[in-house]
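Residue numbers (the working numbering): 22 to 784. Backbone N, C-alpha and C define an ideal beta-carbon position, used for all residues, glycine too.
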Ligand code: PEP
Ligand code: MG
């Protein structure tokens, strides 16, 4: 007999000594699950009104469900026990008609279920439940024991039930938390946190043997087929939304899945007695190490793909990927370390309201895809325990780079209102599409868009962009599995130029390094932001630059609206070298019979030396574009992707004001057109300052164009000039912001500019 009466007596005594109701119930479920050797033990208590039951304590179900899961009497198995006042013992609870699945609890993997009513003087107090993985009912012995325990606990829990204090205690048990990350994609979304990565990773698999190799082989084949199928359907579904080069990633995965090394390797280890999981781990390790040994950085990087594939097969073997099927049919926030394109493809897009990633940065693949699909995303969120918060309500605020777990009802309501309002304002702003971005005192501002994925072309045009101010060409390189060929690049660039023709498109040459890494060309440096970045990298890898420039020029020969933009210029000889390469490429194309009109050539001002050398650089360029992200980063020595110092990163720092004014003055003197790209052009407070300084061309993400246009159409530049005057005397960014924020507030915006006025019809 495994539950001696003495143990029960000591448990009841221990409980009687515990004062705190939450601790008391935790002790009960914890000790009972140990005593009965079950995966789950939970207590549901009646509300004081007795019409429903609330999960008051659990060992095994998600802790975030405590205090939040509520079932009416007669609802679900628990409600039925309460209604009938009789025990229920089932081999497979999910297949019972009375079962209702409550996503917060994560009880899907459990089958056997035993629940007994908790009574005191024939009055219902609650329900005590145990659950387990096996598909067989609990023994009569277990049932008798649980009924005995319940009768002992009934009177103790009755006291709790009567004073009702436990309710506020358990409901406070999952406090709301706010976590900061870095911006992934703008917008706000809320839903339930759904983890896309399994808890068990391939590296956790320990040696284990099987006595049934035939079954293990068939399980492995099924798992392999499921992953193949999933990729087929995923690439099909996302293919509509993403450019063809993204689907190239799927192709690499498919090739790996078909490789005989993988399937034969696993099957032969299973024949030798290894379990399917252990055989898989060993085979994947062997395959990955072969790639890792390679000197070729491209081949080396493939080991990551092999692990990715191995993990997906493991998930299927462990049936964890059932999670996609089991995901509740309601808005979801997907969480994980990094969410791959394949993971995203597994969920219906309309259900994904946001992404929370514990690693990655603004330019990670996940962020790029989220931007293209319009899904709010926060990257690099530190300190958040996603696993412990499965099923919790989460708000993703991509505008503030924050996520909020278990928001109180009031905050949730506020955010929902914000989302509705944002949708309404966005719909409302569509009417501005063909109206000029012109201030009330007739200052014209040209609004261009920043883009990178071809899928981005339509939003820019739909939102009234007057051209592309920054085409980040590294993005097609980042979603490719090797350096794209000249022909592939030519096709991509031609599509972008064609989509915008005759509007101008400033295409930036490859800007990798720093936070922008190519999966197939690893650059390991101790200080990557001061290393092989942008033009330094491409000039040293001349062949890459020549190929890219040829592809751009060929597209330009057809469309005629290309402007070449060169990133990270810090020296005069760099721009001279680029011009030579461009000229040589044009001559070579001419020899091949392709006559290319000379495109304008401009440079980014991101490095302080470029700003200071502007007069010396001017003879070699036709225009400049201020990269406010990097210029702020290098001027203030603050890494824009590091959450520890991101509070010091502000485009409105007084040093930036000096720099921005100096750049514009010099450009005017030299007759060089100047524009500004970078996030500053999406920040309404900063835009007021930029208009006052005199910037008349801004490039920003398509998503933000309508809001910024609305703002421009609501102000008079003349009213902003006295504020700029005062800003020149400020010593920190908060003082400068405090000068411009009241302008927004007077126009009905929120002070930080995140919320435009509800009624924008005046503009
Ligand atoms: C910038 O630095 O401001 C910029 C637009 O370039 P990126 O963000 O791509 O580095
Ligand atoms: Mg930059």
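Exercise. Quick one: what does DSSP say residue 329 is sitting in, helix, strand or coil?
Worked result: helix
For this session: Let me know the secondary structure DSSP gives residue 35 once reduced to three states.
Result: helix
For this session: Have a look at the DSSP bridge pairing and note the partners of residue 470.
Result: 489, 721
Problem set entry | residue 92 vs residue 73 beta-carbon contact at 8 Å | yes
Exercise. Does the beta-carbon of residue 458 have 16 or more other beta-carbons within 10 angstroms, so that it is buried, or is it exposed?
Worked result: buried
For this session: Starting from residue 644, follow the beta strand (DSSP E) in both directions and report where the run begins and ends.
Result: 644 to 648
Exercise. Hey, residue 413 and residue 398: beta-carbon distance below 8 Å or not?
Worked result: no
Exercise. Rounded to a whole number of angstroms, what is the C-alpha to C-alpha distance between residue 710 and residue 660?
Worked result: 23 Å
Exercise. For residue 767, which of helix, strand or coil comes out of DSSP?
Worked result: helix
For this session: Consult DSSP for residue 77 and reduce its assignment to one of helix, strand or coil.
Result: strand
Problem set entry | Reduced DSSP category for residue 542 - H, G, I as helix; E, B as strand; rest coil | strand
For this session: List the endpoints of the continuous beta strand (DSSP E) containing residue 209.
Result: 209 to 216
For this session: May I ask you to verify whether the region 49 to 67 touches the region 150 to 166, counting CB pairs closer than 8 Å and requiring at least 3?
Result: yes
Exercise. Where DSSP assigns a beta bridge to residue 122, which residues make up the other side?
Worked result: In DSSP, residue 122 forms no bridge with anything.
Exercise. Apart from the five residues on each side of it in sequence, which residues of its chain come closer than 6 Å, Cβ to Cβ, to residue 582?
Worked result: 518, 522, 523, 525, 526
Exercise. To the nearest angstrom, how far is it from the Cα of residue 445 to the Cα of residue 749?
Worked result: 37 Å
Exercise. Can you list, in chain order, the residues of its chain whose CB lies under 7 Å from that of residue 487, leaving out five sequence neighbours each side?
Worked result: 467, 468, 469, 524
Problem set entry | Cα-Cα separation between residue 32 and residue 79, rounded to whole angstroms | 17 Å
Problem set entry | Contact under 8 Å by Cβ, residue 154 with residue 127 | no
Exercise. Between residue 648 and the ligand MG, is the CB less than 7 Å from at least one heavy atom?
Worked result: yes
Exercise. Going by the C-beta, is residue 282 closer than 7 Å to any heavy atom of the ligand PEP?
Worked result: no
Exercise. Nearest-angstrom Cα distance between residue 702 and residue 754?
Worked result: 16 Å
Exercise. In chain order, what residues of the same chain lie with their CB nearer than 6 Å to the CB of residue 785, ignoring the 5 residues before and after it?
Worked result: For the chain, the structure presents residues 22 to 784; residue 785 sits outside this window and is missing.
Exercise. For residue 374, does the count of other Cβ atoms within 10 angstroms reach 16, so buried, or fall short, so exposed?
Worked result: buried
For this session: May I ask you to check if the CB of residue 495 is nearer than 7 Å to at least one heavy atom of the ligand MG?
Result: no
Exercise. On the three-state DSSP scale, how would you describe residue 699?
Worked result: coil
Exercise. Taking the DSSP output, what are the residues bridged to residue 686?
Worked result: Answer by DSSP bridge pairing: none, since residue 686 is not bridged.
Exercise. How big is the Cα-Cα spacing for residue 699 and residue 396?
Worked result: 20 Å
Exercise. What is the residue span of the alpha helix (DSSP H) that residue 391 lies within?
Worked result: 386 to 394
For this session: Taking residue 575 as part of the beta strand (DSSP E), name the residues at either end of that continuous run.
Result: Not the beta strand (DSSP E): residue 575 falls in the alpha helix (DSSP H), residues 563 to 580.
Exercise. CB of residue 481 to nearest heavy atom of the ligand PEP: below 7 Å?
Worked result: no
Exercise. How about residue 565 and residue 531: are their beta carbons less than 8 Å apart?
Worked result: yes
Problem set entry | Three or more C-beta pairs below 8 Å linking the region 161 to 177 and the region 328 to 339 | no
For this session: Within the same chain, show all residues whose beta-carbon is closer than 8 Å to that of residue 482, passing over the 5 residues directly before and after it, in chain order.
Result: 520, 521
Exercise. Cβ of residue 651 within 7 Å of any heavy atom in the ligand PEP?
Worked result: yes
Problem set entry | Limits of the alpha helix (DSSP H) - the one that residue 102 falls within | 97 to 105
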